[in-house]
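J.: Protein chains in written order, with our numbering: chain A, 1 to 81; chain B, 1001 to 1285.
Note that the Cβ used here is the ideal one computed from N, Cα and C, for glycine as well.
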């Protein structure tokens, strides 16, 4: 099962993730995003893509985001402090 | 532990930022063995860490850089100029002959390279520490990390540290001069702030003071890993989607300025092919 974690310190409350989620996993609760039915998540990672503060983390997903990384960039990216 | 600082085409601002580290400077100053701005030593000895500041603009600087790589166990690209091209890289807009003619009005004894390159075009770099300049806090944390052998990365954007909250409003035109509201996101007030695409770690000092982010720390991991898109298009798409108003290419160009000559600029799908081809030549199936 996929687990979604939202870092509340980082969240700026733009609610883009609520709009973009195709299965309605992330809902608006008091103007803050809230994960309700995590089992419905299909792992499209749209919420992670639109998040401007990089506050959403997925766990237990088999298609990693890393699949789109170019090999050349990935070697380099780890060295940026 | 010996630290050397090498200066190439730059403004020395990063070295000044190093001097701004307060109590930490007492620790660092003992370890610095070579630094043109601080110490008297004439030649770079063998060092554990060499911080290279500035882009490579002349042939002389290229030699200095290569020597620094030989003498260093770990080479660090210190500041945006050496890591990404930075402000020095902006000189690449003009032809070298025109630059020399406009500034000196005569021939020089040495040759300029075609562009002001970031240092990773010529040598291998162990760490990149971008920033214009990197904040003193960031520098002292980084040097601590190198001493302990564990360097902390900042993979999040400036927005994560900023603390301003987004309010959905409709914006007619881009603001540039008025004073912003201190608690509301600058983008939702109509300022073109590049915080959402810029690497964090600077504690968002600019946006907290009400100045829109200019993107001096370069793009985040998220922007870098997007395939098939160059930085500028990706930045523009992201900012426009988040802001909800028409953003022109010129408005997002300030982060482009900092990464102007970096060879990550022309990251394309063809790079992947290159790597695969290299792997094939290496004998792998």
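Taking the DSSP output, what are the residues bridged to residue 1127/B?
T.: The count along the second chain starts at 1 and reaches residue 1127/B at position 127. DSSP lists 1076/B as partners of residue 1127/B.
J.: Work out the CA separation of residue 1176/B and residue 80/A for me, nearest whole Å.
T.: Stepping through the first chain from its first residue, residue 80/A is reached at position 80. Stepping through the second chain from its first residue, residue 1176/B is reached at position 176. Straight-line Cα distance between these residues: approximately 31 Å.
J.: Is the CB-CB distance between residue 10/A and residue 1242/B below 8 Å?
T.: Indexing the first chain from 1 puts residue 10/A at position 10. Indexing the second chain from 1 puts residue 1242/B at position 242. No.
J.: Comparing alpha-carbon positions, which option in 1111/B, 1117/B and 1027/B lies nearest residue 1262/B?
T.: Numbered from its first residue, the second chain carries residue 1262/B at position 262. Cα-wise, what sits closest to residue 1262/B is 1117/B.
J.: Using the C-alpha atoms, what's the distance from residue 1217/B back to residue 1255/B?
T.: In the second chain, residue 1255/B corresponds to position 255, counting from 1. In the second chain, residue 1217/B corresponds to position 217, counting from 1. So the two alpha carbons sit approximately 8 Å from each other.
J.: Interface residues of chain A around residue 1126/B at Cβ under 8 Å?
T.: For the purposes of this step, residue 1126/B is taken as the residue at position 126 of the second chain. Within 8 Å Cβ-Cβ: 79.
J.: So residue 1102/B is in the alpha helix (DSSP H); what residue range does that whole segment cover?
T.: By one-based count along the second chain, residue 1102/B stands at place 102. Start and end: 1096-1103.
J.: Just to confirm the assignment, what range does the alpha helix (DSSP H) spanning residue 1148/B have?
T.: In the second chain, the residue the question calls residue 1148/B occupies position 148. 1136-1148 is the extent of the alpha helix (DSSP H) around residue 1148/B.
J.: Give a yes or no on whether 8 Å exceeds the smallest Cβ distance from residue 47/A to chain B.
T.: The residue you call residue 47/A lines up with position 47 of the first chain. By this cut-off, residue 47/A is not an interface position.
J.: What did DSSP end up calling residue 58/A once you bin it into helix, strand or coil?
T.: Your numbering for residue 58/A matches position 58 in the first chain. Strand, per DSSP.
J.: Count the CB pairs spanning the segment 1037-1053 of chain B and the segment 1071-1087 of chain B that are closer than 8 Å, and state whether there are at least three.
T.: A contact exists between the segment 1037-1053 of chain B and the segment 1071-1087 of chain B.
J.: So what's residue 1026/B in DSSP terms, helix, strand or just coil?
T.: Looking up residue 1026/B in the second chain gives position 26. Reduced to three states, the DSSP call for residue 1026/B is helix.
J.: Would you call residue 22/A buried or exposed, if buried means 16 or more other Cβ atoms sit within 10 Å of its Cβ?
T.: On the first chain, residue 22/A is found 22 positions in, with the first residue counted as 1. Exposed: under 16 other Cβ atoms inside 10 Å.
J.: Less than 8 Å between CB atoms is the rule here; does residue 43/A satisfy it with respect to chain B?
T.: Here residue 43/A refers to the residue found at position 43 when the first chain is read from its first residue. Not closer than 8 Å to any Cβ of chain B, the Cβ of residue 43/A fails to qualify, so no.
J.: Cα separation between residue 56/A and residue 1002/B?
T.: Position 56 of the first chain, counting from 1, holds the residue named residue 56/A. Position 2 of the second chain, counting from 1, holds the residue named residue 1002/B. If I take the Cα positions, the gap works out to 40 Å.
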